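The structure appears right after this line, and notes come after that.
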Amino acid sequence: MSSNTTRRTWTVTALASLVGLGMGAAHAEPKTNMLHQWAQGSEAAAIAKLGEMYEERGGTWEQTAISGHTSNTLAKLRSDVVSGNAPAAVQLKGPEIAEWNATGRTANLDDVATEQGWDDVVASELISVMKPTGNWVAAPMNIHRVNWLYSSRKILDELGLEVPKTWADFNAACDAVMAAGKICLAHGAADWSDTTTFDSVVYGMDIDLYRKAFQEADLEALRSEQMAEAFAQLRKLVGYMDDGINGRSWEQSMAMTMDAEAAFFMMGDWTVASANAAGYEEGVDYLCSQTPVDWGGKGFILNADSVVFFEQSDQDYVDGQKLLAETIMSPEFQVTFNVAKGSIPSRTDIDLSEGGFTQCQQQGLTDLKASVEQGTLVRSMAHNMTVPQRFRGAMMEVITEYVADDSISPEEAAMQLADAVEVQQ
Amino acid sequence: MQMSTDSPRTRSLKADLLERLPLLVLAPTVLAMFLYVVVFSLWTLWLSLSTSTILPDPSYGGFGEYVALWKSKRWTVAYQNLFLFGSLYVVGSLVVGTLLAVLIDQRVRFESFWRTVYLYPLAISFIVTGTVWRWIFHPQTGVELALQDMGWLSAQFDWITDRDMALYVVVITGIWHASGFAMALILAGLRSVDGDLVKAAQIDGASLFRTYRRVILPSIWPIFMAVAVVLLQFAVKTYDLVVALTQGGPGVSTTVPAIVVYDLMFQRGQIAQGSAAAVMILVALALVLIPYSLYTSWRRRSEAATHG
Amino acid sequence: MVDAQARIAFDPLSTGGRTRRLTSRTIVYLLLGLFSLYYMAPLVILFMNSMRPLDDIVRGGFIDTPQSLSLRYWKEAWGTFCIAGTCEGVSRFFMNSLLMAIPATVISTALGLVNGYVLSKWRFRGSDLMFGLITLGVFLPAQMTLLPWAYILGSLGLSNTIAGLVLIHTVQGLSFTTLFCRNYFVAIPDDLIKAARIDGAGFWRIFRRIILPLSPPIIIVTVIWQFTGIWNEFLFGTVFTSGANQPITSALVAFSGSGTGVRAYNVEAAAVIMAALPPLAIYVLGGKYFVRGLTEGAVK
């Protein structure tokens, strides 16, 4: 913030507080303006609900919703911060929370957190992301599971196949599906969706590889033989897709699977919300299970949306932030929002058998707990929960090029992956 | 003229002011442009040499970001695309625009209809242009599907999903958008050609084609240059069109520099590297504009010499 | 004035025999017709799809004979479609765009006229350099200017206001308007100006009496160009506004953004056409000035 703005704000605040003192106890008018990407669909409706709840609790609600996969919201955030008007609340996630915290402009939520007992109810893997330097900086809205496999009930029944458990099973199933003249894997090519699939491949084949390569960005792991093997499996998967993957959206791929045009679809649990909205039924049109893992056990790749608060000089906004944080973590909001989004609450003390959660969502919570117990829980690289954006972006470039260009060999791809990260270090 | 009651000193001050008036009037714009063009560019240059990541940061970082930038495949592809797309787009729009202008110049009927049809695409934003053309080009929703539904089952038109052909899809869409503008200006130019020149060519027995090629088109050369400038700035700034049409895909094959700048600066929080990319765009511009302005001032000087 | 006589006398298609004339004319019209398909296709498709039911589009693709047509998607797009939780359609954003585009267009055009006049008729030392500087402004990519503008708007206290957007678009438009106007005024004979000066006319009088009366064509061209560019602009409109005062280009993206739920292509098409109507109308109505104005401008 420029010194002029700071000085002006201090003067105004000083005058205001003088007036307030003169008029007796100052009357708090909490307000907020939340910046986020959910401008349409059921998510927008869910955020609208947040606004309603917020106003019910006495706050004045305003929001700026910019569609698109965060690049526009981030552009607005940066320009707002640069112009001295950091937003009161922003949807930010993963390593971005730590990065913005490091600039010193984020607000400290420890008061609210201790008051509401967040440390007790939020999953531990998530806490480390929300508290990058030991104090609460972000309020987690949900937990997404990324490694879901959706199978077309019809095609499986028709061909007498079972939901595949390991990658070998999956390949065999796909060979059968392709032999029967159907598309095996529905997919819409884009950097993030290609990487989502690859996340599951690497994770399913070798958890340690995933941790080293995608959580720590270790160069040796990135150019290892195991990584080349994972790329080889990815190449196989591309072979099971059809020719129209470029320009297809993930919703279209989902529809393909549920309409029995394709056998399988790999995507995060937001698929469930979309499927519900489109009228598909779990168990009838599709089955949900985890993506294949070769090491037996429950796997969970985690993605979480959260809200970060930036320091404000206007007391109304400061009060508004506390109120918003409380509202976001309230069981009421957690249920409404997550049912609409297909994810599960960030609070582990909510009973999912009520409120409208689907079978798949409830399964997600059970799997989460099992995964924590077995020590197999990881965060998603594809969805910006692990490495900084400069590494993630570079990796996604390599992966999406690999999917689009079948002249790149798995070994080359692994080399490129490591080089891309090294260059950005 | 009224007798002035000013003292000589006031009169000369006024005269001074009057002489300076044009400059004074132009001054606000020049100042604003100086800020916008020079200061912004220098600031971007400085940022590219800084250690800025998620926010601008004044500390010096050296040329490392340029090195990192050029090692990225997406950037090299984008930079190549800038030149390839840029030249095809500018030349293509000029050619199509000229063809349309010449056709309309043949004293055809319904001129306002043709002109409106070719010109209206310029009114459509790039995002909408890209979105609608993507519907048309995508094999499973557009032309290929329509052809197959009509009975031609082996019809194929999937350039947009083909790494090697996707860029041409962007070119075709770009030409659709801008060639009407080229047509309009060239048509105006065609209509203002000196009639005597044309009559002379006719008397000499030149064919239609020859007349156009040798006499008419060369005489409106300045108009081509003016159109080329406008087209060039569209080409350099291309962002929304590609994002809506192909999202830079398949893979990174249709990425353009503006996309890389935006992504680096804002999505990835690498402001320094994004600024380096922006500076490289300016360099590409300089590579085109500097020779051009040298050429025009040489031409002007040689014309002055021959006429002087 | 254009040597109209000589120009009309050159009708290339009237040379040669009757058959040759017929063939040539057929070819010309054929070519024109084929090109029109290429140009009209997207608009026709958009229009059709804005009236088809959604499952019709999903099943049959975008280029298909419609099974049924209805105008209700238009009503939905204008007044009831839910964008970011408010279900008022695009009407509010439409107004915001008008509030932004009209002032910016007017101011930048007015300044462009004066600048063009100065640069074409009142050359002084350095004026060519200044013209070059102003022209360079058309080339700067928007992404590069985003952060600097953020600083400036912030220090002026204009962040997240429509006034801030007007400022940005005016400054950025100055390059185009000055370029267009200056190139147009250059064709006005210097003798006219010289004669007026000898008669004692000053800077503003010449502007009012000589330049302005000749300006309508270029004013129209410039207004069309500016209005369209500003109206269709997305990046600055989205980043420098918030919530309720976003322009229509931002609202449109909400129709196609990746969210859960099926993408309503028909309502999107209707919204897109509505958003495109002001520039489209201007081009359809003012298109003839693009050509005529520039022709008449070539004063001999």
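Which chain is which? The protein sequence lines are A, B and C, in order. For the first sequence, position 206 matches number 206 in this note's numbering, and the numbering has no gaps at all. Throughout, this note's numbering is defined as the position within the second sequence, counted from one, plus 425. Throughout, this note's numbering is defined as the position within the third sequence, counted from one, plus 733. Heads up, the beta-carbon is just placed ideally off N, CA and C, and yes, glycines get one too. Predicted, not measured: the structure shown is a model, and the values here were computed from it.
- [ ] Report yes or no: is there a C-beta of chain B within less than 7 angstroms of the C-beta of C/Ser991?
- [x] Any answer about C/Ser991 is weak, because its pLDDT of 46 lies below 50 and its placement is not dependable; what the coordinates show is given next. It does not: the Cβ of C/Ser991 has no partner Cβ on chain B nearer than 7 angstroms.
TODO: Report yes if the CB atom of C/Leu779 is closer than 7 angstroms to the CB atom of C/Ala1004, and no otherwise.
DONE: C/Leu779 places its beta carbon 7 angstroms or farther from that of C/Ala1004.
Open item on the list: Alpha carbons only, please: which of A/Val421, A/Lys322, A/Val339 is nearest the one belonging to A/Tyr54?
Closed with: A/Lys322
Open item on the list: Per DSSP, what are the beta-bridge partners of A/Gln116 in this structure?
Closed with: Its beta-bridge partners do not exist; DSSP assigns none.
Open item on the list: I need the DSSP call for A/Cys288, collapsed to helix, strand or coil.
Closed with: strand
Task: For C/Arg915 and C/Ile951, the rounded distance between their alpha carbons - done: 10 angstroms
Open item on the list: Using a Cβ-Cβ distance cut-off of 7 angstroms, determine whether C/Ser1013 contacts chain B.
Closed with: For the record, residue 1013 of chain C in the displayed sequence is Leu; it is not Ser. Yes, because at least one Cβ of chain B sits closer than 7 angstroms to the Cβ of C/Leu1013.
Open item on the list: Whole angstroms are fine: how far does the CA of B/Val654 sit from the CA of C/Ser948?
Closed with: C-alpha separation (whole angstroms): 22 angstroms.
Task: CB contact flag (A/Phe198, A/Ile399, <7 angstroms) - done: yes
Open item on the list: Can you tell me which residues form a DSSP beta bridge with C/Asn893?
Closed with: Paired residue(s): none; C/Asn893 is not in a bridge.
Task: Per DSSP, the bridge partner or partners of A/Arg379 - done: A/Leu302
- [ ] List the residues of chain A whose Cβ lies closer than 8 angstroms to the Cβ of B/Lys439, in chain order.
- [x] Those do not exist, as B/Lys439 stays about 39 angstroms from chain A at its closest Cβ, beyond 8 angstroms.
Task: Given A/Phe337 as reference, the closest of A/Ala382, A/Glu52, A/Ser253 once Cα atoms are compared - done: A/Glu52
TODO: Taking only beta-carbon positions, decide if B/Gly674 is within less than 7 angstroms of chain C.
DONE: no
Open item on the list: Under 6 angstroms: does the beta carbon of C/Thr955 sit that close to some heavy atom of the ligand ZN?
Closed with: This structure lacks the ligand ZN, and indeed carries no ligand of any kind.
Open item on the list: Using the three-state DSSP reduction, which class does A/Glu62 fall into: helix, strand or coil?
Closed with: Strand.
Task: Members of the stretch 232-246 of chain A near chain C, C-beta cut-off 7 angstroms - done: none
Open item on the list: Contact between the stretch 367-379 of chain A and the stretch 457-471 of chain B is defined here as three or more beta-carbon pairs at a separation below 8 angstroms; is this criterion met?
Closed with: no
Task: Simplified DSSP assignment, three categories, for A/Ser409 - done: coil
- [ ] Check whether the Cβ atoms of A/Pro140 and A/Leu159 lie closer than 7 angstroms to each other.
- [x] no
Open item on the list: Please list, in chain order, the chain B residues whose beta carbon lies closer than 8 angstroms to that of A/Thr400.
Closed with: Residues of chain B passing the Cβ test: Gly674, Gly676, Val677.
- [ ] Give the secondary structure of A/Met266 by DSSP, where H, G and I count as helix, E and B as strand, and everything else as coil.
- [x] strand
Task: Beta-carbon gap between B/Ala651 and C/Phe1023 smaller than 7 angstroms - done: no
Open item on the list: Strictly under 7 angstroms for the Cβ-Cβ distance: is A/Ser71 near chain B by that measure?
Closed with: yes
Task: Endpoints, the beta strand (DSSP E) within which A/Cys174 is located - done: Premise fails: A/Cys174 lies in the alpha helix (DSSP H), 167-179, not in any beta strand (DSSP E).
Task: Short CB-CB distance (under 7 angstroms) between B/Phe465 and chain A - done: no
Open item on the list: Would B/Ile561 and B/Gly555 qualify as a contact pair, given that the criterion is a beta-carbon distance under 7 angstroms?
Closed with: Against a cut-off of 7 angstroms, the Cβ pair of B/Gly555 and B/Ile561 comes out as no contact.
Open item on the list: If we define contact as Cβ-Cβ less than 7 angstroms, is C/Ser769 a contact residue for chain B?
Closed with: yes
- [ ] Kindly indicate which residue of B/Lys439, B/Arg616, B/Val463, B/Ser518 has the alpha-carbon position closest to the one of C/Leu866.
- [x] B/Val463
Open item on the list: Does the CB of C/Trp855 have a neighbour CB from chain B at under 7 angstroms?
Closed with: Yes, C/Trp855 counts as interfacial toward chain B.
TODO: Within 10 angstroms of the Cβ of B/Ser437, are there 16 or more other Cβ atoms? Answer buried if so, exposed if not.
DONE: By the 10 Å Cβ count, B/Ser437 comes out exposed.
Open item on the list: So for B/Thr566, helix, strand or coil by DSSP?
Closed with: coil
Open item on the list: What would DSSP say about C/Pro1012, mapped onto helix, strand or coil?
Closed with: Correct three-state label for C/Pro1012: helix.
- [ ] Using a Cβ-Cβ cut-off of less than 7 angstroms, give me the residues of the stretch 439-460 of chain B that come near chain C, in sequence order.
- [x] Leu443, Leu446, Pro447, Leu448, Val450, Leu451, Thr454, Val455, Ala457, Met458, Phe459
TODO: Tell me whether B/His602 sits in a helix, a strand or coil according to DSSP, three-state version.
DONE: helix
Open item on the list: On the criterion of 16 or more Cβ atoms from any shown chain inside 10 Å, does A/Tyr203 qualify as buried, or is it exposed?
Closed with: buried
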